[in-house]
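Under the UniProt record's numbering, the letters of the sequence shown match residues 1 to 386, in that order. A short write-up of the structure that comes next.
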Amino acid sequence: MDAETAVDSDVDEGKEPTSHRVLIVSAAMGGGHLQISRELERRLLARGHEVLIADLNRLMLGPTGRWLERLYPWLVNRTPRLYEAIYQKFFRARQETGERVRVPVLLALPRLRRLIEHFRPHVVVSTYHLSALAVARLRGRGGLHCPAVTFITTFSVHSVWTHPDADLNVCISSEAAQEATRRSGGPAAVCGPVVRPDFDTPQADPEETRRAIGVPSDASIALVVAGSLGMGAIERAVTAIAAHPGWVPVVVCGRNEELRRRVERLRAGIVLGWVADMAGLMAAADVLVENAGGLSAKEALTCGLPVVTFRPITGHGRDDTEALARLGLTDIVMDEQGLLGTLDTLNREPRYRRDRVARGRALVTGDPARIIERMAEGRQVQTDSS
């Protein structure tokens with residue numbers, strides 16, 4: 001079911017629910033938030049529940065949401081210093097329940113309230129920080145009569161993610177849970193990163209995958225990603241890796257044709273568009289090179305692929321990768337020499353590599369679908385401090 005259908009149709013008043021209705025409020029700001037929402041949806045559907053995913057940007061009045069979607073990558077790629085200033089003022093600075101970003105939230109509240117009235121969820125889950133703020137505001141003002149759960153999709157926690165009126169924060173690491181509780185004063189549970197199940201047990205044969213994309217059998221693969229929006233210094237990473245003996249950069253551009261054209265102009269390495277079996281590709285790779293600590297990093301950690309962060313993008317990218325580094329899950333390198341040295345270390349020191357892989361796989365500690373289900377039932381949830 002989509003949000004438009006839910007707004008325009010009523011739920012059967014006389015039917016006793018045999019499952020729970022779960023509303024997930026996300027946003028198409030990059031691909032990660034929505035992909036995590038879809039995986040939560042898959043798990044909840046498998047448990048017999050009804051799920052609706054709504055995009056907060058589409059709930060905002062006027063063109064505000066679409067404008068925000070275009071503005072974000074433009075700021076990061078074209079004016080990183082301006083984006084950093086905005087991030088520090090509106091996301092990092094101490095503020096009273098997100099007051100500095102209240103305008104887009106207020107623009108979404110009327111349609112969000114209407115959606116909730118029609119769908120009548122047993123629990124509302126937010127997977128995007130502005131969504132979390134909007135849902136918690138409704139909860140605190142009596143406009144939401146079921147639990148409000150914030151699923152914090154990132155390893156770092158800024159001030160807009162947390163709100164005292166949220167019933168529960170669900171985090172992907174114990175460190176993030178502690179920070180969420182410190183900021184909100186409310187409880188936090190830990191489940192680890194949420195990725196598709198194929199990243200736990202990739203099915204593709206690594207050697208067949210390497211042959212299919214044209215990588216020599218004696219070469220090491222550096223899988224290079226820059227998110228769905230193609231942000232950061234990806235060309236520098238690709239050029240350096242391609243010139244390093246024994247390594248081949250394989251760049252995944254997804255459906256981002258502009259990024260693909262940029263990388264193809266380098267005439268270096270292997271450039272791929274949309275990859276249906278990303279888990280299989282990761283199983284064939286030796287290292288993931290990324291710049292934001294986003295969904296690709298979480299997928300790599302889950303399937304046992306070491307992560308290296310090259311020149312993290314400003315703002316949240318820097319905060320998330322620094323959180324990853326504190327957990328011993330990535331090396332942050334700022335120049336080509338550091339990047340190539342780290343790649344070689346991960347290949348030549350098996351103990352170091354095994355430790356990195358073990359740390360990543362140890363992150364997954366529970367199923368968030370079960371946590372959400374218990375919240376819908378009004379039952380107690382194991383929290384980080386309980």
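The C-beta atom is built at its ideal place from N, Cα and C for all residues, glycine as well. Predicted, not measured: the structure shown is a model, and the values here were computed from it.
Would you mind reading off the limits of the alpha helix (DSSP H) that contains ALA369? 368 to 376
Pick helix, strand or coil for ASP319, following the three-state DSSP scheme. It is helical.
Helix, strand or coil at ALA222 according to DSSP, with G and I counted as helix: strand
Among the candidates ARG359, GLN382, GLU377, whose CA atom is the shortest distance from the CA of ASP367? GLN382
Classification of TYR352 by the beta-carbon crowding that lies within 10 angstroms, buried from 16 upward: exposed
Where does VAL275 fall in DSSP's three states? coil
Length-filtered (3 minimum) beta strand (DSSP E) runs lying within the stretch 286 to 319: 287 to 290, 307 to 310
Look at the Cβ atom of VAL215, then the Cβ atom of VAL252, and state whether they are nearer than 7 Å. Contact flag unset, no.
Which listed residue (SER174, ARG260, ASP355, SER26) has its alpha carbon closest to that of TYR128: Comparing Cα positions, the closest option is SER26.
Would you say the stretch 103 to 115 touches the stretch 59 to 66, given that touching needs at least three Cβ pairs under 8 Å? Put simply, the stretch 103 to 115 touches the stretch 59 to 66. At least three CB pairs are less than 8 Å apart.
On the three-state DSSP scale, how would you describe ILE152? coil
Per DSSP, VAL101 forms a beta bridge with which residues? In the DSSP output, where bridge partners are listed per residue, VAL101 has none listed.
With DSSP as the reference, label ASP331 as helix, strand or coil. Residue state, collapsed to three classes: strand.
Check whether the Cβ atoms of ASP319 and SER156 sit closer than 7 Å, and answer yes or no. The answer is yes: Cβ separation under 7 Å.
I'd like the list of long-range same chain contacts for LYS298, defined as Cβ closer than 6 Å, with 5 residues on each side in sequence excluded. Only PRO193, VAL195 meet the Cβ criterion.
Closest by CA to LEU229, which one among LEU339, PRO350, GLY328, SER296? SER296
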